[in-house]
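If you read the sequence shown in the working numbering, its first letter stands for residue 6, the second for the next number, and so on.
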Amino acid sequence: MNLEMVTVFIVVFGLMIGSFLNVCIYRIPKKESIVIPRSHCPHCNHQLRVWENIPVISFLMLKGLCSSCKNKISFRYPIIELLTAILLLMAYFRFGLSVDFFIYSFFLCLLVIITFIDIDTMEILNGLLILGLIVGVYPVLEGGINSIYQSLIGALSLGLGFFLIRVIGQLLLKKESMGFGDVKYAALIGLLLGWKIGLVASAIAFLSAAILFLMLLPFRKIAIGQRIPFGPFLSFGALLGLIWGPHILEWYLNLVF
Numbered sequence: 006m007n008l009e010m011v012t013v014f015i016v017v018f019g020l021m022i023g024s025f026l027n028v029c030i031y032r033i034p035k036k037e038s039i040v041i042p043r044s045h046c047p048h049c050n051h052q053l054r055v056w057e058n059i060p061v062i063s064f065l066m067l068k069g070l071c072s073s074c075k076n077k078i079s080f081r082y083p084i085i086e087l088l089t090a091i092l093l094l095m096a097y098f099r100f101g102l103s104v105d106f107f108i109y110s111f112f113l114c115l116l117v118i119i120t121f122i123d124i125d126t127m128e129i130l131n132g133l134l135i136l137g138l139i140v141g142v143y144p145v146l147e148g149g150i151n152s153i154y155q156s157l158i159g160a161l162s163l164g165l166g167f168f169l170i171r172v173i174g175q176l177l178l179k180k181e182s183m184g185f186g187d188v189k190y191a192a193l194i195g196l197l198l199g200w201k202i203g204l205v206a207s208a209i210a211f212l213s214a215a216i217l218f219l220m221l222l223p224f225r226k227i228a229i230g231q232r233i234p235f236g237p238f239l240s241f242g243a244l245l246g247l248i249w250g251p252h253i254l255e256w257y258l259n260l261v262f
């Protein structure tokens, strides 16, 4: 199978997976089954027919409106579908068609679910972290004893580091500055990426959060002391760490030293 055919297959597959991730993001916080019933309009509960459930294409055909009640369909649905396709394509170009591709594609899909649930609920669910831990055990063990040490140090350093930030922030601000879910999420990222790339991911997370905060502050879209979900920034850092982490680390070390 040539590169073009594989690319098309992964994009189509990614769009379909993205459609399923939309279901997970909507239903998991509500403790609803992600299998039944079929996808439906959140406004009128109209069950989507096959032609209404084609990733991206159905949204364009329906002009972003439910065919039954004519309420607007969130633009986030096609965005998540496209995002998932792009992430799986990035994983393919990074790992090729290998076991690692499927393992880390699953991890990237988990990042998408965690990110958008955190945006919606300000909560990172334990079940999703446990799922990530179970799936992440394989690449850690596959790498041998050195990989295990790197991963354990990564989990401990990021977990303890974020826990200290949480405690210090709470003492200084007299309120919760970072959720415990973020601490556990950081530890999971450290476990999967190892301590070096885990630190790169953490630095990217804090830097991207600071940049967005400074961009929104003049427009009063955010206030000093306002709580924001940090999970999306951790996911962004983990993504860049997974795909380009060694190159980013090498660039930084060359810049500093």
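Each residue gets a CB set at the ideal place from its N, CA and C atoms; glycine is no exception.
Next item on the list: Apply the 10 Å Cβ neighbour rule to Thr334 and answer buried if 16 or more other Cβ atoms are within range, or exposed otherwise.
Entry: Outside the shown range of the chain, which is 6 to 262, sits residue 334, and nothing can be said about it.
Margin query: Distance check for Gly132 and Gly23, CA to CA, integer angstroms please.
Written below: On the sequence shown, position 18 is the one that residue 23 refers to. On the sequence shown, position 127 is the one that residue 132 refers to. So the alpha carbons of these two residues sit roughly 20 Å apart.
Checklist line | Inter-stretch contact at 8 Å, needing at least 3 Cβ pairs: the region 198-213 / the region 155-171 | finding: yes
Checklist line | Buried/exposed call for Val55, threshold 16 Cβ in 10 Å | finding: Here residue 55 refers to the residue found at position 50 when the sequence shown is read from its first residue. Its Cβ having fewer than 16 others within 10 Å, Val55 is exposed.
Next item on the list: Go ahead and label Lys189 buried or exposed: buried means 16 or more other beta carbons lie within 10 angstroms of its beta carbon, across all protein chains shown.
Entry: Residue mapping note: residue 189 aligns to position 184 of the sequence shown, counting from 1. Classification of Lys189: buried, given that the 10 Å Cβ count is 16 or more.
Note to self: On the DSSP bridge list, what partners appear for Leu70?
What the structure shows: Along the sequence shown, read from residue 1 onward, the residue named residue 70 stands at position 65. DSSP lists Lys77 as partners of Leu70.
Checklist line | Residues that Gln52 bridges to, as DSSP identifies them | finding: Along the sequence shown, read from residue 1 onward, the residue named residue 52 stands at position 47. In the DSSP output, where bridge partners are listed per residue, Gln52 has His45.
Margin query: Considering only the alpha carbon of each residue, which of Gly186, Gly242, Ser182 lies closest to Arg232?
Written below: The residue given as residue 232 occupies position 227 in the sequence shown. Of the candidates Gly186, Gly242, Ser182, the one whose C-alpha sits nearest the C-alpha of Arg232 is Ser182.
Notebook entry, point to check: Using the C-alpha atoms, what's the distance from Met21 back to Ser72?
Noted result: Taking the first residue of the sequence shown as position 1, residue 72 is located at position 67. Taking the first residue of the sequence shown as position 1, residue 21 is located at position 16. Computed Cα separation, rounded: 21 Å.
Checklist line | Where Leu146 falls, given that 16 or more other Cβ within 10 Å makes a residue buried | finding: Walking along the sequence shown from the start, residue 146 turns up at place 141. Result: exposed.
Notebook entry, point to check: If you follow the alpha helix (DSSP H) that Pro144 is part of, which residue opens it and which one closes it?
Noted result: The residue you call residue 144 lines up with position 139 of the sequence shown. Run containing Pro144: 131-147, per the alpha helix (DSSP H) assignment.
Notebook entry, point to check: So the alpha helix (DSSP H) Pro237 belongs to, where does it begin and stop?
Noted result: The count along the sequence shown starts at 1 and reaches residue 237 at position 232. That run of the alpha helix (DSSP H) goes 236-261.
Note to self: For Leu165 and Ile33, I'd like the C-alpha separation in whole angstroms.
What the structure shows: As a working note, residue 165 is residue 160 in the sequence shown. As a working note, residue 33 is residue 28 in the sequence shown. Using only the alpha carbons, I get a separation of about 28 Å.
Checklist line | Start-end ranges of the alpha helix (DSSP H) lying completely within the region 174-233, minimum 4 residues | finding: 185-221
Check: With distances taken between CB atoms, is the gap from Leu115 to Gly148 smaller than 8 Å?
Finding: Stepping through the sequence shown from its first residue, residue 115 is reached at position 110. Stepping through the sequence shown from its first residue, residue 148 is reached at position 143. Going by C-beta atoms, Leu115 is not nearer than 8 Å to Gly148.
Check: Roughly how many whole angstroms lie between the Cα atoms of Phe80 and Asn151?
Finding: Counting from 1 along the sequence shown, the entry for residue 80 is found at position 75. Counting from 1 along the sequence shown, the entry for residue 151 is found at position 146. In a straight line, the C-alpha of Phe80 is about 44 Å away from that of Asn151.
Next item on the list: Would you mind stating whether Gly242 and Ser207 have Cβ atoms separated by less than 8 Å?
Entry: For this step, residue 242 is matched to residue 237 along the sequence shown. For this step, residue 207 is matched to residue 202 along the sequence shown. A contact, by the Cβ cut-off of 8 Å.
Next item on the list: State the Cα-Cα distance for the pair Glu255 and Ile209, rounded to the nearest angstrom.
Entry: Counting from 1 along the sequence shown, the entry for residue 255 is found at position 250. Counting from 1 along the sequence shown, the entry for residue 209 is found at position 204. Computed Cα separation, rounded: 15 Å.
Check: On the three-state DSSP scale, how would you describe Ser38?
Finding: Residue mapping note: residue 38 aligns to position 33 of the sequence shown, counting from 1. Three-state DSSP puts Ser38 in coil, outside helix and strand.
Check: Hey, how far is the Cα of Pro60 from the Cα of Leu161?
Finding: Your numbering for residue 60 matches position 55 in the sequence shown. Your numbering for residue 161 matches position 156 in the sequence shown. Rounded to the nearest angstrom, the two C-alpha atoms are 40 Å apart.
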